[in-house]
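First up is the structure itself, then whatever we jot down about it.
Number of protein chains: 2
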Amino acid sequence: MKQSQPAGHQPEGGLSEALLTDLYQLTMARGHWKAGRLDAEGSFLLSFRRAPFGGTWALASGVAEAIETLASLRFSEADLDALAALPGPGGSSLFEAEFLDVLRRMEGFDLDVDAVADGTVCLPGVPMVRVTGPLWQAQLVETFLLNRIGFETLVATKAARIVRAAADAAVLEFGARRAQGPDASIRSARASWVGGVAGTSNVLAGARLGIPVKGTHAHSWVQSFAGSGDAHETERQAFEAFAESMPDGCVLLVDTYDTRAGIENAIEVARGLRARGHGLSGIRLDSGDLVELSVHARKALSGAGFPDVKIVASDDLDERKIMELRARGAEIDVYGVGTRLVTGGEQAALGVVYKLSAVRENADEPWRPVMKLSSTVAKRSLPGHVEVQRVVRDGMLVGDFLSAATDDLSQIQGDREHLLRPAVRSGDIAPDYPLDLKSARERARAELARLPEGAFDLDAPEEIPVELSSELSLLQAQLIERATPAAAPIHQR
Amino acid sequence: MKQSQPAGHQPEGGLSEALLTDLYQLTMARGHWKAGRLDAEGSFLLSFRRAPFGGTWALASGVAEAIETLASLRFSEADLDALAALPGPGGSSLFEAEFLDVLRRMEGFDLDVDAVADGTVCLPGVPMVRVTGPLWQAQLVETFLLNRIGFETLVATKAARIVRAAADAAVLEFGARRAQGPDASIRSARASWVGGVAGTSNVLAGARLGIPVKGTHAHSWVQSFAGSGDAHETERQAFEAFAESMPDGCVLLVDTYDTRAGIENAIEVARGLRARGHGLSGIRLDSGDLVELSVHARKALSGAGFPDVKIVASDDLDERKIMELRARGAEIDVYGVGTRLVTGGEQAALGVVYKLSAVRENADEPWRPVMKLSSTVAKRSLPGHVEVQRVVRDGMLVGDFLSAATDDLSQIQGDREHLLRPAVRSGDIAPDYPLDLKSARERARAELARLPEGAFDLDAPEEIPVELSSELSLLQAQLIERATPAAAPIHQR
């Protein structure tokens, strides 16, 4: 039995996310069918090669929703019609009716999935997801899994880095306008929430995910009051009208015309609110030298008897800019971050890969370990059935240990945790796999707290060790050796 | 009458894209309502400040779909319930029932929109969209428009740059796995198509948009044939099985183990296919030195009597890498580009802004021009009702001329085109506004063809002039002057 249709699964014109795949996954599935290999089984490992943003770790997000969607995925008749319409090289259909019947008869993907939980700190080269089952099916979900997990993990990691940089100040996600589409704005709000932000400005994301929604006002509010008076007068009228509409909890944007004059106007409005038994919640700076202006604002607000009015800052911020602002003595209570959080900024994609590690012609055969060779060591894949042990000592993360099923683990010093949890069994979601957002956020907080301080250094971050068991190393060496003799003669030509 | 629900509008749990807004747009709308200003009207201009990727222009995409969605947008009861549930500062609701009734009574957005057509070359600072109507409504759609138009315009521009760099070689979009979510993968496939790519690997995008879908096979296909034989043998078996399943038009990925040995295997398979009356379509290189390997492959293929077998290359490509490959003499017929195309790569967002340019308290009053001041000239907004004239001489784009409604345009030398076309009138889509993808792609091709060659230079691109009419310049100067006296005393403190 499958769960009901989850949040991310949005058929349109009857087309389903089962089609969210690269064409070659389908031509390979067809190839396996043509070769009489529908019973062949494969095991794939999903991991990232390098941690994003020059760091040494990433924070998993998007895994739970991907798994929920996967469990409900199947080809609709509209999907099959779309596939039937694809032209082949000879002018006929690329996919014949008999193959489409194979897809039609598949009632959901008959796969086993083991995966990290959302909010888990993950290390480069360490499997985050293992998918095992019919080769042609396990291959088909590659694009879908990479797309969903790679993007959210990227943004959750960025969020965790920014929240850490902000220390005691709160971070709000303000990126809806700069996200890569409406859906990306919601996914990045979710991933940012997993990573520790205090809220989002995105109303749709807040409503869908049940996370706090925050906001102030825009420059256009101030401009819209422009009449015969000068800009300073316009601004005060606009502030007063906004404070009137929201006498408790309003935040005034003070840089539409002249920031220092805007701060004076905000203080006047704060006085009026106090006289009427209310209070100004904050002011927002969105341009200029945020250090100088925030120090000035803090002094002016405190001098006028408003030490509790919060200073909110936004302006193309990220973890480095926030660290710099703090180092230079900025007096900022809340950071609003947008573009560089919701898109990943300098790095817009995480290099996640999905590599075959073992195959067998059918369920009665033993697994054959396989690997992708490369002269670049980081591009070599892991062979066989890999288990991931996370090692923890005195409550701190020591490293990950990758082993084969038959490895002796008794030598490992410290507490061991299985990183890959049963998530899907024969297509159904495993009962204990955590799907909820709340636990993902809590897990992230706990996981980040047991990373060494040096892992957060922006310039020379401490690496967390990943070790291969001797059995896995030996297996890699054997497979490399087996590949080499055939290749060598070619090189010598 | 509104058009039926367009492709991008995906309600979920009854929530609609009307909620895809920053909270402050709604608190401002409420503020206008509280201040008795529901009749106040505003005119907003959407533009980008700097062209992306260090260039001097961008290619519009996403405008048509944004306009289609806008015309169908309204608050659902689920939206209103979600808004009613938002907590206000005092513990009560942020939005009272009376205000939500204002949203409920709004049967669609009663706006006029003028916009460039998708596929139009756009210049920095030049309005792409003008939205005029009730201030509170025009403000509400800001986030939505910026999100949709900014992202697709970014990707279409990247695609156009990459296609230009590839010259006679074809470019395929292979980015589904690295796009920022499933929906972003479809939007970037569409924008890439507008920008000139020859197809996508994304089956769902192809099916939804009716664009060609292309593909080869993955490393895992080769690995899955690993048995007792060596890697070279495994690869040949895998190639033969794939060629068997698709004897016409198959492309073989030759770098799973050793690329030169892979090319030899591909040639053997090509011989077999030819003997049976079929033909190998291509080989794909995905790693290593693409120049050296492609030159070797071309020589080997031609030497073996297969000069027509295409060489497809992929491996983190973008316009600069493609230019470098070509300069170094690579023999590549098809470039597969992924990450750096579908995410924008080094620049993951376009800095689009939406600025108020004129207001009036009601429809009977004259418009009051307004602007956002800034010490940064590029951050100053345009005041008043701005018209955009595109000037063309001898079939080449000369520049854009921004004018006020009353400006005398007779001095302009060359043909003039109105860049902003009527797109929406009182909430309904204007009959002549082009919504279809086919015309967007054709327009892009024609528009790019009339840009000067220098505009495509990657390092020192030629700027296309944008001129302000004397009337607009004067208006800006007057508004700056009016703002300054009030601000000056503060600066002197």
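Here the protein sequences line up with chains B and W, keeping their order. The letter at position 400 of the first sequence is residue 400 when you use my numbering, and the numbering goes up by one with no holes. The letter at position 352 of the second sequence is residue 352 when you use my numbering, and the numbering goes up by one with no holes. For every residue, glycine included, the Cβ atom is placed at its ideal position computed from N, Cα and C. Since the model is a prediction, treat every value here as computed from it, not as a measurement.
| Check | Outcome |
| --- | --- |
| Positions along the region 289-308 of chain W whose CB lies within less than 8 Å of some CB in chain C | Looking for chain C here will not work: the only protein chains present are B and W. |
| Proximal chain W residues relative to His-418/B, where beta-carbon distance stays under 9 Å | Correct list: empty, because the minimum Cβ distance to chain W is about 25 Å. |
| Own chain, CB closer than 7 Å to Ala-261/W, minus 5 neighbours either side, in chain order | His-232 |
| Distance, Asn-202/B Cα to Gly-210/B Cα | 11 Å |
| Near-chain W residues of the region 381-408 of chain B - C-beta to any C-beta below 8 Å | none |
| Nearest candidate by alpha-carbon position, reference Pro-422/W, set His-32/W, Thr-132/W and Asp-22/W | Thr-132/W |
| Of the listed residues Ala-78/W, Arg-443/W, Pro-465/W and Gln-478/W, nearest to Ala-160/W (C-alpha basis) | Arg-443/W |
| Short CB-CB distance (under 8 Å) between Arg-177/B and chain W | yes |
| Nearest residue (CA-CA) to Pro-134/W, options Leu-356/W, Asp-316/W, Asp-400/W and Val-194/W | Leu-356/W |
| 8 Å CB neighbourhood of Ile-67/B in its chain, flanking five on each side removed | Val-113, Ala-115, Ala-423, Val-424, Ile-429, Tyr-433 and Leu-435 |
| Assigned secondary structure, Ile-311/B (DSSP; H/G/I helix, E/B strand, else coil) | strand |
| The region 102-115 of chain B: positions lying closer than 8 Å to chain W by Cβ | none |
| Local Cβ density within 10 Å of Ala-477/B, reported as buried at 16 or more and exposed below that | exposed |
| CB contact flag (Asn-265/W, Arg-298/W, <8 Å) | no |
| Under 8 Å (Cβ pairs) to chain W, residues found in the region 202-223 of chain B | Asn-202, Val-203, Leu-204, Gly-206, Ala-207, Arg-208, Val-213, Lys-214, Gly-215, Thr-216, His-217, Ala-218, His-219, Ser-220, Trp-221 and Gln-223 |
| Rounded separation between Phe-306/B and Ala-270/B - CA only | 8 Å |
| Integer Cβ distance of Gly-282/B from Lys-321/B, believed to fall under 8 Å | Contact doesn't hold; Cβ gap of about 20 Å is too wide. |
| Contact check, Phe-151/W vs Gly-55/W, beta carbons under 8 Å | no |
| Test item: CB-CB of Phe-495/B and Gly-42/W under 8 Å | Nothing can be reported for residue 495/B, as the shown portion of chain B is limited to 1 through 493. |
| Any alpha helix (DSSP H) of 4 or more consecutive residues that is wholly inside the region 5-92 of chain B | 23-34, 63-72 and 77-84 |
| Beta-carbon proximity list for Leu-468/W, same chain, < 7 Å, skipping 5 on both sides | Leu-402 |
| Among Leu-448/W, Arg-390/W and Leu-437/W, the one whose alpha carbon lies nearest that of Leu-420/W | Arg-390/W |
| Reduced DSSP category for Asp-428/W - H, G, I as helix; E, B as strand; rest coil | strand |
| Lys-438/B classed as buried or exposed, judged by whether at least 16 other C-beta atoms fall within 10 angstroms | exposed |
| Beta bridge counterpart(s) of Glu-467/W as assigned by DSSP | Phe-401/W |
| Residue range of the beta strand (DSSP E) that includes Ala-358/B | 352-360 |
| 7 Å Cβ shell around Gly-249/W - same chain, five flanking residues per side excluded | Ser-281 |
| Contact set for Asp-101/B: own chain, Cβ-Cβ below 6 Å, skip 5 residues either direction | none |
| Closer than 8 Å to chain B by CB, Pro-89/W | yes |
| Residues in the region 151-178 of chain B having any Cβ partner in chain W nearer than 9 Å | Phe-151, Glu-152, Leu-154, Val-155, Phe-174, Gly-175, Ala-176, Arg-177 and Arg-178 |
| Buried versus exposed, by CB contacts within 10 Å (16 or more), Arg-178/W | buried |
| Given 8 Å, three or more beta-carbon pairs between the region 356-369 of chain B and the region 356-371 of chain W | no |
| Sequence-distant residues of the same chain with beta carbon closer than 8 Å to Ser-76/B, five excluded per side | Pro-11, Gly-14, Leu-15, Ser-16 and Ala-18 |
| As assigned by DSSP and simplified to three states, the class of Met-396/W | strand |
| Minimum Cβ-Cβ distance from Met-128/W to chain B less than 8 Å | no |
| C-beta neighbour in chain W for Glu-17/B, strict 8 Å | yes |
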